[in-house]
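Peer 1: Please see the structure below; I have some questions.
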Amino acid sequence: MKKPRLKHLRIISSTCYAHIPVKKRKKMDKKAVKGYLVGYDGDERYRIWLIEENRVILSRDVIFQEKPSRCIQLMLKEPSNEGKHAEEKLDENERQLRDCSVLRTPARFEDYIMEAESFVYESDNPGTFGESINSKESATWKKATESKMASHSENQMWELPELTAGSKALPCRGRDGFSE
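Next up, the structure:
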């Protein structure tokens, strides 16, 4: 005679989560519902009471939470009448951090910061074609512009179309041609 299978037996009234089949739920719905084990049905199915819906369902796909959660046990062990003593323990566990207004940048970075700032302030190149033509070095800028235009036409990079009546050219802030 075979021994009965006891693998599926669980503690009655334990918290469990019953799986909801894909056909019975929508895309963003919960995949499981919380309930309590109230009994067994043949073929290793569980009878689960769903509190929210106040009904009993039969399911095989169930995850049980038979052990009480660790958080509840820890909370029960701590006496709540300590008052000031508990606050002192919290203060001891708190990490002491330095005030960020007191922190300084490392000395090794100071040279890099000063060098980067000097590059920003040294750049007195004109930003537009008009500024380059009206500057003291307008002859040099005209020469650089002509050489860049010659390079573009040699490489057939683009053609310069004639503007139609009533249209305006878009401004260009590029500095590539003025860097020579």
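Take the sequence shown: its position 180, counting from 1, is numbered 180 in full-length UniProt numbering, and each next residue is one higher.
In this text, a Cβ means the ideal position worked out from N, Cα and C, and glycines have one as well.
Predicted, not measured: the structure shown is a model, and the values here were computed from it.
From Met28 to Val22, what does the alpha carbon distance come to, in whole angstroms?
Peer 2: Reading the sequence shown from its first residue, position 28 is the one you call residue 28. Reading the sequence shown from its first residue, position 22 is the one you call residue 22. Computed Cα separation, rounded: 11 Å.
Peer 1: Whole angstroms are fine: how far does the CA of Leu163 sit from the CA of Gly177?
Peer 2: Along the sequence shown, read from residue 1 onward, the residue named residue 177 stands at position 177. Along the sequence shown, read from residue 1 onward, the residue named residue 163 stands at position 163. Summary for Gly177: the model assigns pLDDT 47, below 50, so the residue's position carries little reliability; its value from the coordinates is reported in the next sentence. Using only the alpha carbons, I get a separation of about 22 Å.
Peer 1: Excluding the 5 residues preceding and the 5 following Lys31 in the sequence, name in chain order all residues of the same chain whose CB lies nearer than 8 Å to its CB.
Peer 2: Taking the first residue of the sequence shown as 1, we reach residue 31 at position 31. Excluding residues up to 5 positions away in sequence, His19, Ile20, Arg25 lie with their Cβ nearer than 8 Å to the Cβ of Lys31 in the same chain.
Peer 1: Can Thr145 be considered in contact with the ligand FMN, in the sense that its beta carbon sits closer than 6 Å to one or more heavy atoms?
Peer 2: The ligand FMN is absent from the structure shown, which contains no ligand whatsoever.
Peer 1: Can you tell me where the beta strand (DSSP E) with Trp49 in it begins and where it stops?
Peer 2: The residue you call residue 49 lines up with position 49 of the sequence shown. Unbroken beta strand (DSSP E) run through Trp49: 45–50.
Peer 1: Within the continuous alpha helix (DSSP H) that includes His19, where are the two ends?
Peer 2: The sequence position of residue 19 within the sequence shown is 19, counting from 1. First-last for His19: 15–19, but that is the beta strand (DSSP E), not the alpha helix (DSSP H).
Peer 1: Helix, strand or coil, according to DSSP, for Ile133 in the structure here?
Peer 2: Position 133 of the sequence shown, counted from the first residue, corresponds to residue 133. Helix, per DSSP.
Peer 1: Helix, strand or coil for Ala32 per DSSP?
Peer 2: Translated into positions along the sequence shown, residue 32 becomes position 32. Residue state, collapsed to three classes: strand.
Peer 1: Work out the CA separation of Thr140 and Gly130 for me, nearest whole Å.
Peer 2: Counted from its first residue, the sequence shown places residue 130 at position 130. Counted from its first residue, the sequence shown places residue 140 at position 140. One C-alpha to the other measures close to 14 Å.
Peer 1: Going by the CB atoms, is the gap between Leu50 and Val33 shorter than 7 Å?
Peer 2: Translated into the one-based positions of the sequence shown, residue 33 becomes position 33. Translated into the one-based positions of the sequence shown, residue 50 becomes position 50. Result yes, Cβ atoms of Val33 and Leu50 sit closer than 7 Å.
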